[in-house]
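Each residue of the sequence shown is one higher than the last, beginning at 3 in this note's numbering. A short worksheet on the structure shown next.
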Amino acid sequence: MNSSLFTFLLIFTALSAIHLIYILVSRLQKDKDYTGIGFRIKTWWGMVFIFCLATLFNPVVSLLSLMVLAFFALKEYFSMIRTRKADRRLFLWAYLSIPLQFYWIYIEWYGMFIVFIPVYVFLLLPLPRLINKGTLGFLRSVSATQWGLMLMVFGLSHLAYFQFATPEYGAGLVLFLVVLTQLNDAVHYLASIYFGKRKVVPTANPNLTWEGFACAFVVTTGVSYLIYPYLTPLTPIFGLFSGVLISLAGFFGSLTVSVLKRDLLIGDDDKFAALQKSYLSRVDSLAYTSPVFFHVIRYFFDFM
């Protein structure tokens with residue numbers, strides 16, 4: 003407990019310093035857009051607060067908090083889809099799968115947790131769309147809904163499973179993952195502002211550049227090697243490898259969700275700009291890094 007308190011105190015101090023620097027820089031350099039960093043910092047505070055409560059009191063706190071986060075992320079995703087009246091029942095079934103997915107985590111039924119959305123929901127989801135709803139738009143509705151469930155519910159639910167899979171190390175591993183994922187996003191964003199010239203997907207997200215990716219990769223890998231002894235039971239090799247893994251997965255997560263949002267919102271630039279500040283934009287990387295990191299750690303280490 004003393005080690006955990008020291009770690010949280012250290013993270014709190016570092017986050018406070020980063021927040022102060024953000025406030026000062028954003029006021030001094032008004033010609034640059036730092037809003038993306040501001041929303042990331044708010045996400046950091048929220049995550050740290052949730053896992054402080056979970057570590058000091060009960061992991062169910064983080065389970066419920068992440069369930070709510072998954073609900074709002076999925077809700078915002080659905081708000082981007084051009085829907086018909088026939089899709090409402092489909093979305094209702096999708097929302098009902100959220101508490102079930104997190105219930106499997108609560109009872110620690112890993113087998114059902116890992117196949118529920120990819121297999122059973124995938125097979126049963128078309129039913130409410132098939133019955134008396136016609137064939138028009140069937141594939142788009144069902145596939146778009148399943149995509150949302152996989153990213154916003156299945157991907158993010160892995161964050162909640164850490165503390166049930168390994169009560170001793172779960173909170174530290176989640177903090178490690180969240181800190182590195184958000185750091186990777188923040189460094190990529192800043193490096194793209196100052197040094198970015200070659201955009202990865204100019205039509206989807208101008209803040210994703212190859213220069214930003216390179217800077218974020220180096221910084222995330224380096225910080226991973228520095229902080230892994232304080233937050234995880236990983237070996238030095240895996241402490242370094244985790245930074246590489248999280249940086250790559252986070253990059254592909256941001257890239258995928260950026261392209262997905264642009265594809266769904268073609269011709270609706272006002273709505274696209276508004277969604278840059280949404281839950282969806284804050285957890286896009288975590289939807290990729292969480293399952294990737296979880297399964298790699300589970301495969302190579304017995305404590306999971």
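Don't be surprised by glycine CBs; every beta carbon is placed ideally from N, CA and C.
Discussion item. Helix, strand or coil for residue 205? Go by DSSP, reduced to three states.
Written reply: For the purposes of this step, residue 205 is taken as residue 203 along the sequence shown, with counting starting at 1. Residue 205 carries a coil assignment under DSSP once its states are collapsed to helix, strand and coil.
Worksheet item: Tell me which same chain residues have a C-beta within less than 6 Å of the C-beta of residue 244, skipping the five on either side of it?
Response: Here residue 244 corresponds to residue number 242 of the sequence shown, with the count starting at 1. Counting only Cβ-Cβ distances below 6 Å, and skipping sequence neighbours, we find 226.
Item to complete: Identify, in the order they occur along the chain, each residue of the same chain with its Cβ nearer than 6 Å to the Cβ of residue 146, setting aside the five sequence neighbours on each side.
Response: Position 144 of the sequence shown, counting from 1, holds the residue named residue 146. Taken in chain order, the residues that qualify are 83.
Item to complete: Note down the Cα distance separating residue 106 from residue 152, rounded to an integer number of angstroms.
Response: As a first step, residue 106 must be located in the sequence shown, where it is residue number 104. As a first step, residue 152 must be located in the sequence shown, where it is residue number 150. One C-alpha to the other measures close to 16 Å.
Fill in: Close Cβ partners of residue 285 (< 8 Å) along its chain, the five nearest in sequence each way excluded
Sequence index remark: in the sequence shown, residue 285 carries index 283 (1-based). Here residue 285 has 45, 71, 75, 154 and 158 as same chain residues with Cβ atoms under 8 Å from its own Cβ, once five neighbours each way along the sequence are excluded.
Discussion item. Using a Cβ-based criterion (distance less than 7 Å to any ligand heavy atom), does residue 165 qualify as near the ligand NAP?
Written reply: As presented, the structure is devoid of all ligands, the ligand NAP included, so that no description of it is given.
Item to complete: Can you check the region 190-265 for any beta strand (DSSP E) of at least 3 residues that lies completely inside it and give the ranges in chain order?
Response: If you keep only unbroken beta strand (DSSP E) runs of at least 3 residues inside the region 190-265, you get nothing at all.
Worksheet item: When DSSP labels each residue in this structure, what does residue 290 get in the three-state scheme?
Response: Position 288 of the sequence shown, counted from the first residue, corresponds to residue 290. If DSSP states are grouped into helix, strand and coil, residue 290 belongs with the helices.
Worksheet entry | Three-state secondary structure assigned by DSSP to residue 60 | Translated into the one-based positions of the sequence shown, residue 60 becomes position 58. Under the three-state reduction of DSSP output, residue 60 falls in the coil class, being neither helix nor strand.
Discussion item. Does the region 161-170 come into contact with the region 186-205, if we say contact requires no fewer than three beta-carbon pairs (one atom in each stretch) closer than 8 Å?
Written reply: Flag = no, the region 161-170 and the region 186-205 do not touch.
Worksheet entry | Exposed unless 16 or more other CB atoms sit within 10 angstroms - verdict on residue 100 | The sequence position of residue 100 within the sequence shown is 98, counting from 1. Result: buried.
Worksheet item: Is residue 246 buried or exposed, if buried means 16 or more other CB atoms sit within 10 Å of its CB?
Response: Here the question's residue 246 lines up with position 244 in the sequence shown. With fewer than 16 neighbouring CB atoms inside 10 Å of its own CB, residue 246 falls in the exposed class.
Worksheet entry | Top-ranked residue by Cα proximity to residue 251, from 116, 113, 298 and 120 | Within the sequence shown, residue 251 is the residue found at index 249, counting from 1. Minimum Cα-Cα distance from residue 251 among the listed residues 116, 113, 298 and 120 corresponds to 298.
Worksheet item: Going by the CB atoms, is the gap between residue 139 and residue 79 shorter than 8 Å?
Response: Stepping through the sequence shown from its first residue, residue 79 is reached at position 77. Stepping through the sequence shown from its first residue, residue 139 is reached at position 137. Going by C-beta atoms, residue 79 is not nearer than 8 Å to residue 139.
Discussion item. Comparing C-alpha positions only, which one of 236, 142 and 222 sits nearest to residue 86?
Written reply: Mapped onto the sequence shown, residue 86 falls at position 84. Answer by Cα proximity: 142.
Worksheet item: Taking three-plus beta-carbon pairs below 8 Å as touching, is the region 210-226 in contact with the region 184-200?
Response: The answer is yes - the region 184-200 touches the region 210-226, with three or more Cβ pairs under 8 Å.
Worksheet item: Is it buried or exposed for residue 241, if we count other Cβ within 10 angstroms and need 16 for buried?
Response: Position 239 of the sequence shown, counted from the first residue, corresponds to residue 241. That one is buried.
Discussion item. Tell me the DSSP secondary structure of residue 171 in three-state form.
Written reply: In the sequence shown, counting from the first residue as 1, residue 171 sits at position 169. If DSSP states are grouped into helix, strand and coil, residue 171 belongs with coil.
Discussion item. If you reduce the DSSP assignment to three classes, tell me which class residue 21 lands in.
Written reply: Within the sequence shown, residue 21 is the residue found at index 19, counting from 1. Correct three-state label for residue 21: helix.
Fill in: Neighbour-count burial assignment, residue 89, 16 or more Cβ in a 10 Å radius
In the sequence shown, the residue the question calls residue 89 occupies position 87. Its Cβ being crowded by 16 or more others within 10 Å, residue 89 is buried.
Discussion item. I need the boundaries of the alpha helix (DSSP H) containing residue 98, first residue and last residue.
Written reply: On the sequence shown, residue 98 is found 96 positions in, with the first residue counted as 1. Counting along the chain, the alpha helix (DSSP H) containing residue 98 begins and ends at 90-108.
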